[in-house]
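Please read the structure below before turning to the comments.
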Ligand code: ATP
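In the numbering used here, the protein residues as written are 545 to 987.
See below:
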């Protein structure tokens, strides 16, 4: 198992069309990235995997898709206008800006710039929300924010969903969408960006059951990453200490992943109590309490939130998949994606173009397209074609040769083990589906 570095990942992502720097032809925009043909396939697949795990496999969790721009009072009620800030310090010498809470101990205690040793200013609170104006007049009344989290879109729709879906507590609402934060320290590729995507699920529970649901979701969400094909040894929990808790949280655990630059948060699981619904009742004047038809008890539900980064998950999946190994004196780069996440599931190669093998390969590929993403390649030596698809994480390749013409079998070659076997064309779909189901990531 080779050590993956960010340089290697970034260069592979660019070279093979996973992720590009935004507006590159103009010199790029700091910390903004675009997903290319392969990157978007991974992002979409992770999103689909999460959506299925949350909604399809739970009969009491439904989805919504709220607007990015919301009434400005939402962010006053939620506490973001007042509290969603980072403490920033500036270097008086080199003018660089840092987040005080991310400075190392030494720089913090000596109040010295970690870059040039110059004197730092006292920390000032800087709000992370992007502000813009709705309508043509830039006046106070028309200010709107780009949402810094998707959660509030769920809270303000709590009553709508409750009344239209006939769900009973406990139940959940899931949402995937863009969020925006004016982050000062954006580095490490797509790890921390100003525009990113979240996959959030808010679970509404009786206040007396918050602890047990919190434990349930901690366990469930940890297992999810393993199902996604992420190695368990690279995942851990980290509890937020009292000083680190967000303004709304009673208890919080992060699921962390060991990125090439260290252990960092991938998902937050938060007990937000009745904080948000209570605040929205106060600010909107609307009753958002829940009436239990059985017991006639009326109460404000507690909320257990699972908040995962979708774009950050792409980085986890890429970092975890990256591997290099020596094969016949050569270095093979291979992305060991779970087959459900791999941008291309099956490579289809005729051994040679002539003698009708190209036509036969295309004929065999056709019905596979209904079930899988395939990629046809007839150029160059077979070994080179395998390597090109190993490098983008394609779990299966089929080679169509002269024997195919005789007995209707093809060579099925596996990415991870490089093992090859003959399979009947008529059994391919079933065989590949079974392989996907039983897939295990090599540790
Ligand atoms: P941090 O302390 O690192 O700024 P946070 O604790 O504020 O992050 P949350 O508000 O809990 O993060 O957000 C939930 C999830 O959203 C995170 O676990 C992460 O995956 C994702 N996320 C948050 N901020 C960003 C960002 N700037 N870029 C990419 N993903 C992000």
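A virtual CB, placed ideally from N, CA and C, is assigned to each residue, including glycine.
Short note on residue 790: C-beta closer than 8 Å to some heavy atom of the ligand ATP. Look at residue 922 here: in three-state DSSP terms it is coil, with no helix or strand label. Listed in chain order, the non-local C-beta contacts of residue 863 below 8 Å within the same chain comprise 548, 553, 801, 803, 804, local neighbours out to five positions each way being set aside.
Counting only runs of 4 or more residues that sit fully inside the region 605–670, the alpha helix (DSSP H) segments are 616–621, 624–627, 649–654, in chain order. Per DSSP, residue 897 lies in no alpha helix (DSSP H) segment and is marked neither H nor E. Inter-residue distance for residue 931 and residue 671 is about 47 Å (C-alpha atoms, whole angstroms). Annotation for residue 574 indicates a beta carbon at 8 Å or more from all heavy atoms of the ligand ATP. Closest option to residue 678, judged by alpha-carbon separation, among 613, 624, 708: 613. In this structure, residue 788 lies away from residue 744, with their beta-carbon atoms at least 9 Å apart.
Just measuring C-alpha positions, the residue of 761, 774, 778 sitting nearest residue 796 is 761.
In its chain, beyond the 5 residues on either side, 582, 935, 936 have a beta carbon closer than 7 Å to the beta carbon of residue 560. Assignment of residue 738 by DSSP, reduced to helix, strand and coil, places it in the coil class. Three or more Cβ pairs drawn from the region 735–750 and the region 848–865 lie within less than 8 Å of each other, which places the two stretches in contact.
For residue 720, the secondary structure class from DSSP, reduced to helix, strand or coil, is strand.
Residue side-chain check: residue 597 keeps its Cβ at 8 Å or more from all non-hydrogen atoms of the ligand ATP. Of the heavy atoms belonging to the ligand ATP, at least one sits nearer than 8 Å to the Cβ of residue 738.
Nearest neighbour of residue 899 by Cα position, chosen from 947, 880, 856, turns out to be 947.
The beta carbons of residue 888 and residue 918 sit closer together than 9 Å.
Sorting 956, 921, 879, 987 by C-alpha distance to the C-alpha of residue 562 places 879 at the top.
Per the C-alpha coordinates, the member of 910, 884, 907 positioned closest to residue 980 is 884.
By the beta-carbon neighbour count (other beta carbons within 10 angstroms, threshold 16), residue 845 is buried. Residue 962 counts as exposed, since fewer than 16 other C-beta atoms from the protein chains shown sit within 10 angstroms of its C-beta.
Rounded to whole angstroms, the gap between the alpha carbons of residue 727 and residue 650 is 23 Å.
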